[in-house]
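Just so we're aligned, residue 1 is where the sequence shown starts under full-length UniProt numbering, counting upward by one.
Positions of the beta carbon are idealized from the N, C-alpha and C atoms, including for glycine.
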Amino acid sequence: MTKLGLLAGTAAFLAAALAATSPSQAAPGADTPKEKTMESAKRRVPTVKPLLYQGVRYEPLRRAREQGFAQSGGVLAAADAASGKTLWTSQLYETSFDPNEERDVQEVYIESLALDANTASLVATDERKRRWRVQLVDGKVEALPPAARGKGK
Numbered sequence: 001m002t003k004l005g006l007l008a009g010t011a012a013f014l015a016a017a018l019a020a021t022s023p024s025q026a027a028p029g030a031d032t033p034k035e036k037t038m039e040s041a042k043r044r045v046p047t048v049k050p051l052l053y054q055g056v057r058y059e060p061l062r063r064a065r066e067q068g069f070a071q072s073g074g075v076l077a078a079a080d081a082a083s084g085k086t087l088w089t090s091q092l093y094e095t096s097f098d099p100n101e102e103r104d105v106q107e108v109y110i111e112s113l114a115l116d117a118n119t120a121s122l123v124a125t126d127e128r129k130r131r132w133r134v135q136l137v138d139g140k141v142e143a144l145p146p147a148a149r150g151k152g153k
């Protein structure tokens, strides 16, 4: 057999093998191997509008883990609005992670921020409805009791 004949035979064999395993070429109702796909555990991080107060911008720190924190969620940052210079960062809470589960689905993120000008603080609420008071001047954190639930809830 010549080299050309061998190459032609190999190409024909590969084409036939590919057609036999391609779902689009399979006969209707024939069993075809299904690809195993892993569903993405990624989820959207809640969008929290930054608060601007007296020239300082307060917002959850995005990708905190990439910046040296033990977790991605639950970190608040204050930055000078004019220069962008970080004034302080505070981790509001610690998240415990199960090593047998995907980490990104276990993250708990800050869901809302509210200014309390009377106490010169922010009130942060996470996805589990836990709340913290954060002092504007230095980022000192204090856990708060759960919000009172309205009548009939």
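Tell me the DSSP secondary structure of residue i in three-state form.
| i | result |
| --- | --- |
| V105 | helix |
| E111 | strand |
| A117 | coil |
| P60 | strand |
| A78 | strand |
| Q91 | strand |
| A27 | Its pLDDT being 44, under 50, A27 is placed unreliably by the model, and nothing is read from it. |
| L51 | strand |
| V134 | strand |
| L7 | In this predicted model, L7 has a pLDDT of only 44, less than 50, meaning its place in the structure is not dependable; the value taken from the coordinates is given anyway. Here L7 sits in helix by DSSP. |
| P99 | coil |
Residues bridged to residue i by DSSP?
| i | result |
| --- | --- |
| Q67 | Its beta-bridge partners do not exist; DSSP assigns none. |
| D126 | I110 |
| V45 | Note: V45 sits in no beta bridge, so no partner. |
Tell me where the beta strand (DSSP E) around residue i begins and ends.
| i | result |
| --- | --- |
| residue 165 | A query on residue 165 cannot be resolved here, the shown segment of the chain reaching from 1 to 153 and no further. |
Item checked: Three-pair Cβ contact test at 8 Å for the segment 108-117 versus the segment 57-76 -> With a cut-off of 8 Å on Cβ pairs, the segment 108-117 is in contact with the segment 57-76, counting three or more such pairs.
Margin query: Check whether the segment 81-88 and the segment 62-71 touch, using three or more Cβ-Cβ pairs below 8 Å as the test.
Written below: no
Check: Three or more beta-carbon pairs under 8 Å between the segment 48-56 and the segment 91-107, yes or no?
Finding: no
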